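Report on one structure; see the data block that follows.
Number of protein chains: 2
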Amino acid sequence: MTGVPSIDPRSGETVEIVADETTTGQVDEICTSALAAAGPLEDLGRDGRAALLDDLAAALEPHRDRIVEVADRETALGPVRLNGELTRTCYQLRLFGEVLRDGGYLEATVDHAGDTPMGPRPDLRRMLVPIGPVAVFGASNFPLAFSVPGGDTASAIAAGSPVVLKAHHSHPATSQLCYQILAAAARKSGAPDGTFGIVHGLRAGADLVAHPAIRAVGFTGSVTTARALLAVIEKRPEPIPFYGELSSLNPVVVTPAAAAGRAETIGAEFAASFTLVAGQFCTKPGLIFVPTGPDGDRLVTAVEEAVARLGPMVMLNAGIATAYERGTLALQAAVADGASPHTDIPQAGVPHTGVPHAGVPQAGVPHHGVSHTGVSHDGVPSLLPPSDGDAALKEPAGPTVDAPSGGTGRPRLFAVSAGALPPEATEECFGPVAVVARWSDEAQLFAAIAGLPPSLTATVHRDAGETVLPAELARRFRPTAGRLIFDGYPTGVAVAWAQHHGGPWPATNTQHTSVGTSAIRRFLRPVTWQNASAELLPAELREEFDSIPRRIDGVLRTRL
Amino acid sequence: MTGVPSIDPRSGETVEIVADETTTGQVDEICTSALAAAGPLEDLGRDGRAALLDDLAAALEPHRDRIVEVADRETALGPVRLNGELTRTCYQLRLFGEVLRDGGYLEATVDHAGDTPMGPRPDLRRMLVPIGPVAVFGASNFPLAFSVPGGDTASAIAAGSPVVLKAHHSHPATSQLCYQILAAAARKSGAPDGTFGIVHGLRAGADLVAHPAIRAVGFTGSVTTARALLAVIEKRPEPIPFYGELSSLNPVVVTPAAAAGRAETIGAEFAASFTLVAGQFCTKPGLIFVPTGPDGDRLVTAVEEAVARLGPMVMLNAGIATAYERGTLALQAAVADGASPHTDIPQAGVPHTGVPHAGVPQAGVPHHGVSHTGVSHDGVPSLLPPSDGDAALKEPAGPTVDAPSGGTGRPRLFAVSAGALPPEATEECFGPVAVVARWSDEAQLFAAIAGLPPSLTATVHRDAGETVLPAELARRFRPTAGRLIFDGYPTGVAVAWAQHHGGPWPATNTQHTSVGTSAIRRFLRPVTWQNASAELLPAELREEFDSIPRRIDGVLRTRL
Chain A
1 MTGVPSIDPR SGETVEIVAD ETTTGQVDEI CTSALAAAGP LEDLGRDGRA
51 ALLDDLAAAL EPHRDRIVEV ADRETALGPV RLNGELTRTC YQLRLFGEVL
101 RDGGYLEATV DHAGDTPMGP RPDLRRMLVP IGPVAVFGAS NFPLAFSVPG
151 GDTASAIAAG SPVVLKAHHS HPATSQLCYQ ILAAAARKSG APDGTFGIVH
201 GLRAGADLVA HPAIRAVGFT GSVTTARALL AVIEKRPEPI PFYGELSSLN
251 PVVVTPAAAA GRAETIGAEF AASFTLVAGQ FCTKPGLIFV PTGPDGDRLV
301 TAVEEAVARL GPMVMLNAGI ATAYERGTLA LQAAVADGAS PHTDIPQAGV
351 PHTGVPHAGV PQAGVPHHGV SHTGVSHDGV PSLLPPSDGD AALKEPAGPT
401 VDAPSGGTGR PRLFAVSAGA LPPEATEECF GPVAVVARWS DEAQLFAAIA
451 GLPPSLTATV HRDAGETVLP AELARRFRPT AGRLIFDGYP TGVAVAWAQH
501 HGGPWPATNT QHTSVGTSAI RRFLRPVTWQ NASAELLPAE LREEFDSIPR
551 RIDGVLRTRL
Chain B
1 MTGVPSIDPR SGETVEIVAD ETTTGQVDEI CTSALAAAGP LEDLGRDGRA
51 ALLDDLAAAL EPHRDRIVEV ADRETALGPV RLNGELTRTC YQLRLFGEVL
101 RDGGYLEATV DHAGDTPMGP RPDLRRMLVP IGPVAVFGAS NFPLAFSVPG
151 GDTASAIAAG SPVVLKAHHS HPATSQLCYQ ILAAAARKSG APDGTFGIVH
201 GLRAGADLVA HPAIRAVGFT GSVTTARALL AVIEKRPEPI PFYGELSSLN
251 PVVVTPAAAA GRAETIGAEF AASFTLVAGQ FCTKPGLIFV PTGPDGDRLV
301 TAVEEAVARL GPMVMLNAGI ATAYERGTLA LQAAVADGAS PHTDIPQAGV
351 PHTGVPHAGV PQAGVPHHGV SHTGVSHDGV PSLLPPSDGD AALKEPAGPT
401 VDAPSGGTGR PRLFAVSAGA LPPEATEECF GPVAVVARWS DEAQLFAAIA
451 GLPPSLTATV HRDAGETVLP AELARRFRPT AGRLIFDGYP TGVAVAWAQH
501 HGGPWPATNT QHTSVGTSAI RRFLRPVTWQ NASAELLPAE LREEFDSIPR
551 RIDGVLRTRL
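Chains as they are written, first to last, in UniProt numbering: chain A, 1 to 560; chain B, 1 to 560.
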């Protein structure tokens with residue numbers, strides 16, 4: 001048995017051994033139990049599961065202090081952020097209760113029997129049903145809102161799908177604590193045993209996605225780990241959907257009018273956004289296009305000054321700190337080697353962090369199309385070829401990688417010309433670093449945008465009332481972004497009905513969102529009943545049922 | 001250049017060379033043109049595309065006689081069926097026009113800025129946008145409704161996505177003719193060049209799904225070809241969704257009460273359903289559970305008698321005929337070898353078809369988990385290991401496989417005990433064959449059902465008012481079926497709002513449908529606009545817009 005350590009990233013010390021790594025046999029038992037729970041969990045009905053979600057949220061609140069304490073010890077995210085994250089988590093659980101009570105998510109549709117231009121049509125009634133047990137992989141950077149009690153869990157339970165959690169190695173104690181609270185609350189609320197399960201360890205994660213009882217996977221993490229898990233899924237007799245929220249650059253464009261109007265404000269706010277929580281957000285803006293000229297210079301100076309005021313930041317785990325160091329070294333080398341006309345690479349007065357610079361940039365880091373910087377979202381360095389899934393999964397977890405115990409990251413800013421963007425500047429580097437790309441004309445800007453990978457978000461800063469260039473930028477970004485932001489920052493993803501947290505690869509590998517109410521769609525599948533009598537139909541499809549929105553003979557009707 | 005032959009399956013003769021196989025360079029040109037058309041096609045708007053779909057339907061009608069003539073010559077499906085299929089095709093195109101005018105498919109959602117328990121929320125507005133150019137692979141068995149002018153095409157064009165068609169080698173002349181009609185009508189209707197493209201040849205199909213401009217694939221065909229195309233997609237730098245409608249057994253259960261009440265009717269109707277169009281439907285019922293005892297005996301006799309009246313049937317192409325012969329031989333051997341207590345395997349008075357029985361069953365057919373019978377949906381024998389994608393794609397198309405020129409299939413019925421179902425009886429065998437599984441008690445029936453693969457459909461025949469056993473059967477089938485049918489037959493898939501034509505693997509590899517209005521969801525992806533002023537928003541998300549259903553601050557509102 002290998003113990004799963006809980007490590008304090010501030011000291012690099014192991015505080016406790018949380019659990020043994022889950023064995024293959026144990027994974028099988030847990031998944032089998034989840035499968036047995038699927039029917040009874042669905043049978044709770046929409047109202048029953050809405051009450052369950054309320055009960056889960058209510059059960060977390062009394063443990064707030066303990067949860068925040070353990071999560072802070074494991075992640076160094078700090079009590080303010082973690083209290084906010086727990087509030088978000090409870091709100092999210094309750095919002096999915098509202099989704100259930102509303103019922104529109106079922107897409108209930110009734111076509112009565114009748115004649116059509118193609119002949120007689122039978123009575124057809126369609127709605128969405130639970131997909132079955134879901135594996136949820138926690139994220140390093142959101143120990144609550146994207147982990148055990150997070151959005152994947154809330155949306156899967158709402159859908160009626162039991163959840164088997166893969167605890168992230170970066171916060172196993174937080175994961176275990178939250179799991180115990182949720183499982184106890186579920187039992188008390190009348191949910192079946194097996195509604196929640198948890199596994200620890202990389203091999204257990206691979207066993208989990210390979211298990212025949214698992215019908216879908218929710219994942220937030222690196223492209224490399226995602227590819228490793230996808231390789232496991234490809235070996236299943238039957239494929240299952242894998243919803244991966246992966247890697248995102250999140251470009252920002254400042255128009256000349258915006259720079260003229262509020263250079264200092266944008267500069268300070270941008271610095272705050274990309275260094276928030278040491279830049280460990282999937283929505284961190286990693287690249288900002290600033291016009292050349294005095295207004296843009298003022299903006300860049302404001303960013304530099306804000307960055308210079310910041311000290312080294314404790315990162316989530318040693319693997320992420322190491323990857324960040326490698327990524328920023330690669331960026332530095334790329335910017336220095338490049339044809340950039342700018343020499344104002346801020347070496348600023350930022351104090352050295354104690355993480356060794358280790359000589360020259362590691363030119364030997366393989367460029368395999370996934371990451372030029374080698375920076376990984378979840379602390380597993382992406383040095384392995386992406387196709388070698390099993391090897392990636394056999395690699396020890398972050399803390400035991402060749403890396404300093406604990407680790408900090410120094411906020412960094414690099415500057416290049418938009419006309420000579422090195423590849424390293426167009427990929428996510430997880431941590432408090434951003435690249436300023438100075439642009440001198442729209443053709444150059446548009447060409448640079450055309451070369452960017454898809455992202456979760458794209459942001460435009462414009463002057464009040466300015467529409468021509470912003471509209472053109474929105475048009476160009478829309479095919480490759482999931483959310484278009486105006487005069488704001490991508491960090492901070494509201495949990496809402498209209499939210500979309502997704503985007504084309506490598507942002508995600510799905511057309512669905514992992515934040516907001518429509519995240520439930522991932523864990524549902526349609527079924528049509530043909531010529532079924534009322535007794536054989538789900539309540540929501542019976543003739544007289546009218547308390548949810550339904551489309552009847554082609555016309556959408558609400559309950560109002 | 002290799003010519004693409006149009007072959008008459010009745011004679012096995014090549015009637016004409018339709019085109020040259022499309023070269024890699026030509027595929028690139030066609031896909032590039034499709035990408036260029038994406039913006040202008042979207043800019044036509046919902047009303048513009050609805051008019052376009054009406055125009056496409058209207059353009060096909062005047063060519064009805066010619067289309068049916070060419071399609072019949074290539075498929076032998078007969079003018080009655082093909083006229084019906086063209087009617088369905090035109091209806092389908094127009095129905096997607098209704099979907100556009102309704103606008104609910106956009107899932108338009110508005111959350112106004114405001115305070116929430118997690119703090120202030122920005123203004124968020126979400127709707128679905130086109131995914132980009134789509135590759136549509138035609139099916140052998142529906143030269144119109146699931147091919148060039150079919151449901152994938154209609155739903156993709158409705159979504160605003162240009163379509164590049166892969167003509168099926170079984171009906172290239174029909175494909176080319178329909179493409180020319182659609183492309184000319186689109187041009188006349190004001191759609192951009194590149195709205196439609198077409199490619200011929202297996203290699204062109206692989207080039208197509210590998211092309212960076214292609215953003216999604218609609219496919220109807222065999223698991224083997226699907227796996228080969230998925231292997232190509234896995235080699236892309238970025239994965240794209242592949243919507244495969246693949247392989248389906250479509251089990252039917254007859255309750256004792258139903259057998260008692262209408263044994264002869266069900267027997268005759270079942271025989272008609274599984275032999276319709278030589279059993280070449282993805283919804284062909286391949287397995288029927290009939291109770292033991294006199295009522296069940298009467299039912300089976302009725303099936304046998306109906307089958308005995310049928311002569312050999314011309315199949316879609318020589319590859320399918322060969323695979324069918326191999327599949328039925330494998331079934332026959334499995335039934336003969338098995339522990340089946342039944343000796344009433346109908347060797348009936350069915351006349352021999354002239355297709356050689358070729359000695360003993362081919363015991364050497366590899367059992368690789370995809371097909372025990374080696375029968376493929378699209379005429380490419382599934383003899384290749386599924387992981388060997390490139391090899392499968394290098395294999396010559398159906399007509400040049402070692403097989404008789406042209407080919408017929410003799411309707412067959414096999415009988416086994418539900419307690420000893422051989423694997424060959426639980427997999428799709430494309431063609432006019434079915435297996436009768438006699439069941440003696442519910443435990444035996446439920447155990448047999450638990451061993452079946454997922455299917456597009458599951459059917460229950462019950463007595464009027466009987467609910468206990470039908471409800472239990474529905475409960476057991478629901479996790480593995482896309483459509484639950486009562487007192488009917490799975491063949492005949494109505495194009496409707498409430499239709500679902502899908503199901504878990506191997507029925508499909510997606511949670512979406514390929515028939516019915518919600519098929520459009522496959523070719524759309526969500527985008528959220530954050531803090532966008534009215535000028536920067538699509539019309540449907542502007543404040544004053546009210547002519548489509550929208551969810552506003554969590555409440556669904558219709559235009560009524």
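Don't be surprised by glycine CBs; every beta carbon is placed ideally from N, CA and C.
Only a predicted model underlies this, so the values are computations on that prediction, with no experimental measurement involved.
Legend entry - Cβ-based neighbour list, Leu484(B), same chain, cut-off 7 Å, excluding 5 preceding and 5 following: Stepping through the second sequence from its first residue, residue 484(B) is reached at position 484. Ala458, Ala474, Phe477 and Arg478, listed in sequence order.
Legend entry - Inter-residue spacing [alpha-carbon to alpha-carbon] between Val468(B) and Ala259(B): One-based indexing of the second sequence puts residue 468(B) at position 468. One-based indexing of the second sequence puts residue 259(B) at position 259. If I take the Cα positions, the gap works out to 16 Å.
Legend entry - Closer than 8 Å to chain B by CB, Asp487(A): Sequence index remark: in the first sequence, residue 487(A) carries index 487 (1-based). By this cut-off, Asp487(A) is an interface position.
Inset, instruction - Return yes when the Cβ of Gly218(A) is within less than 8 Å of the Cβ of Val134(A), no when it is not. - result: On the first sequence, position 134 is the one that residue 134(A) refers to. On the first sequence, position 218 is the one that residue 218(A) refers to. Yes, the Cβ-Cβ distance between Val134(A) and Gly218(A) is below 8 Å.
Inset, instruction - Name, in chain order, the residues that DSSP records as bridge partners for His461(A). - result: Taking the first sequence and counting its residues from 1, the one referred to as residue 461(A) is at position 461. In the DSSP output, where bridge partners are listed per residue, His461(A) has Val254(A).
Legend entry - Alpha-carbon spacing of Pro312(B) relative to Glu325(B), whole angstroms: Locating residue 312(B) in the second sequence gives position 312, counting from the first residue. Locating residue 325(B) in the second sequence gives position 325, counting from the first residue. Distance between the alpha carbons of Pro312(B) and Glu325(B) is about 12 Å.
Legend entry - DSSP state of Arg410(A) mapped onto helix, strand, coil: For the purposes of this step, residue 410(A) is taken as the residue at position 410 of the first sequence. Coil.
Legend entry - Contact with chain A by Trp529(B), beta-carbon distance below 8 Å: Taking the first residue of the second sequence as 1, we reach residue 529(B) at position 529. Taking Cβ atoms only, chain A reaches closer than 8 Å to Trp529(B), which makes this a yes.
Inset, instruction - Please work out which residues of its chain come closer than 6 Å, Cβ to Cβ, to Ala448(B), disregarding the five sequence neighbours upstream and downstream, and give them in chain order. - result: The residue labelled residue 448(B) in the question sits at position 448 within the second sequence. Correct list, in chain order: Ala418 and Leu421.
Inset, instruction - Would you decide whether Val555(A) is buried or exposed? Buried here means 16 or more other CB atoms lie within 10 Å of its CB. - result: Sequence index remark: in the first sequence, residue 555(A) carries index 555 (1-based). By the 10 Å Cβ count, Val555(A) comes out exposed.
Legend entry - Residue environment, Glu428(A), which counts as buried when at least 16 other CB atoms sit within 10 Å: Sequence index remark: in the first sequence, residue 428(A) carries index 428 (1-based). By the 10 Å Cβ count, Glu428(A) comes out buried.
Legend entry - Runs of beta strand (DSSP E) wholly within the region 467 to 536 of chain B (minimum 3 residues, chain order): 481 to 486 and 524 to 530
Inset, instruction - Using the Cα positions of Arg236(B) and Leu208(B), report the straight-line distance between them to the nearest angstrom. - result: Along the second sequence, one-based indexing puts residue 236(B) at 236. Along the second sequence, one-based indexing puts residue 208(B) at 208. Rounded to the nearest angstrom, the two C-alpha atoms are 11 Å apart.
Legend entry - Under 7 Å (Cβ pairs) to chain B, residues found in the region 540 to 556 of chain A: Pro549, Arg551, Gly554 and Leu556
Inset, instruction - Note down the Cα distance separating Val15(B) from Ala323(B), rounded to an integer number of angstroms. - result: Walking along the second sequence from the start, residue 15(B) turns up at place 15. Walking along the second sequence from the start, residue 323(B) turns up at place 323. Each residue's alpha carbon lies about 23 Å from the other.
Inset, instruction - Give a single yes or no on whether Asp102(B) has its beta carbon closer than 7 Å to a heavy atom of the ligand PLP. - result: The ligand PLP is not among the ligands present in this structure, which contains no ligands whatsoever.
Inset, instruction - For Pro192(A), decide whether its Cβ has a neighbour in chain B, counting only Cβ atoms nearer than 8 Å. - result: In the first sequence, residue 192(A) corresponds to position 192, counting from 1. So no, Pro192(A) is outside the interface.
Legend entry - CB contact flag (Ala498(A), Arg125(B), <8 Å): As a first step, residue 498(A) is located in the first sequence; it is residue number 498 there, counting from the start. As a first step, residue 125(B) is located in the second sequence; it is residue number 125 there, counting from the start. Yes, the Cβ-Cβ distance between Ala498(A) and Arg125(B) is below 8 Å.
Legend entry - Residues that Thr116(A) bridges to, as DSSP identifies them: Taking the first sequence and counting its residues from 1, one reaches residue 116(A) at position 116. Gly119(A).
Legend entry - Reduced DSSP category for Lys188(B) - H, G, I as helix; E, B as strand; rest coil: For the purposes of this step, residue 188(B) is taken as the residue at position 188 of the second sequence. Of the three classes helix, strand and coil, the one that applies to Lys188(B) here is helix, per DSSP.
Inset, instruction - For Leu124(B), name the three-state secondary structure that DSSP assigns. - result: One-based indexing of the second sequence puts residue 124(B) at position 124. If DSSP states are grouped into helix, strand and coil, Leu124(B) belongs with the strands.
Legend entry - contact_flag[the region 40 to 59 of chain B, the region 219 to 232 of chain B] where n(CB pairs < 8 Å) is 3 or more: no
Inset, instruction - Kindly list the residues whose CB is nearer than 8 Å to the CB of Pro291(A), restricted to its own chain and excluding five residues on each side of it in sequence; keep chain order. - result: Numbered from its first residue, the first sequence carries residue 291(A) at position 291. Result list for Pro291(A): Val254, Thr255, Pro256, Ala259, Arg438, Trp439 and Ser440, in chain order.
Legend entry - Own chain, CB closer than 6 Å to Leu82(B), minus 5 neighbours either side, in chain order: To locate residue 82(B), count along the second sequence from 1; it is residue 82. Hits under 6 Å: Val68, Ala71 and Asp72.
Inset, instruction - Determine the chain B residues that contact Glu238(A) at a beta-carbon separation under 9 Å, and present them in chain order. - result: As a working mapping, residue 238(A) is identified with position 238 in the first sequence. Near Glu238(A) (Cβ distances below 9 Å), the residues of chain B are Pro453, Pro454, Pro504, Trp505, Pro506 and Asn509.
Inset, instruction - Could you tell me whether the Cβ of residue 568(B) comes closer than 8 Å to any Cβ of chain A? - result: Shown here, chain B extends from 1 to 560; a query on residue 568(B) therefore has no answer.
Inset, instruction - Sort out for me which residues DSSP pairs Ile288(A) with in a bridge. - result: In the first sequence, counting from the first residue as 1, residue 288(A) sits at position 288. Per DSSP, Val252(A) and Val436(A).
Inset, instruction - Show which residues of chain A have a CB atom less than 9 Å away from the CB atom of Arg101(B). - result: Residue numbering aside, residue 101(B) sits at position 101 when the second sequence is read from its first letter. Under the 9 Å cutoff, chain A gives no residues; its nearest Cβ is about 11 Å from Arg101(B).
Inset, instruction - Tell whether a beta-carbon distance below 8 Å holds between residue 562(B) and Arg101(B). - result: Examination of residue 562(B) is not possible in this model, given that chain B is present from 1 through 560 alone.
Inset, instruction - Look at the alpha carbon of Pro506(A) and the alpha carbon of Glu245(A), and state the distance between them as a whole number of angstroms. - result: Position 506 of the first sequence, counted from the first residue, corresponds to residue 506(A). Position 245 of the first sequence, counted from the first residue, corresponds to residue 245(A). Their Cα atoms are separated by approximately 8 Å.
Inset, instruction - Alpha carbon to alpha carbon, how far is Ala183(B) from Gly194(B)? Give it in angstroms, no decimals. - result: Within the second sequence, residue 194(B) is the residue found at index 194, counting from 1. Within the second sequence, residue 183(B) is the residue found at index 183, counting from 1. Rounded to the nearest angstrom, the two C-alpha atoms are 9 Å apart.
Inset, instruction - Alpha carbon to alpha carbon, how far is Leu202(A) from Leu383(A)? Give it in angstroms, no decimals. - result: The residue given as residue 383(A) occupies position 383 in the first sequence. The residue given as residue 202(A) occupies position 202 in the first sequence. Because the pLDDT at Leu383(A) is just 26, under 50, the model does not fix this residue reliably, and the value given afterwards should be weighed accordingly. Using only the alpha carbons, I get a separation of about 17 Å.
Inset, instruction - May I have the straight-line CA-CA distance separating His357(B) from Ser455(B), to the nearest angstrom? - result: Indexing the second sequence from 1 puts residue 357(B) at position 357. Indexing the second sequence from 1 puts residue 455(B) at position 455. Reliability fails at His357(B), whose pLDDT of 31 lies under 50, so the model's placement of it is uncertain and the value that follows must be treated cautiously. Rounded to whole angstroms, His357(B) to Ser455(B) spans 30 Å at the Cα level.
Inset, instruction - Give the DSSP bridge partners of Pro5(B), in chain order. - result: Taking the second sequence and counting its residues from 1, the one referred to as residue 5(B) is at position 5. According to DSSP, Pro5(B) bridges with Ile17(B).
Legend entry - Span separating the alpha-carbon of Asp553(B) from that of Thr2(A): The sequence position of residue 553(B) within the second sequence is 553, counting from 1. The sequence position of residue 2(A) within the first sequence is 2, counting from 1. About 49 Å.
Inset, instruction - Give the single residue among Glu305(B), Gly132(B), Pro285(B) and Leu230(B) whose Cα lies nearest to the Cα of Gln511(A). - result: Stepping through the first sequence from its first residue, residue 511(A) is reached at position 511. Nearest C-alpha to Gln511(A): Gly132(B).
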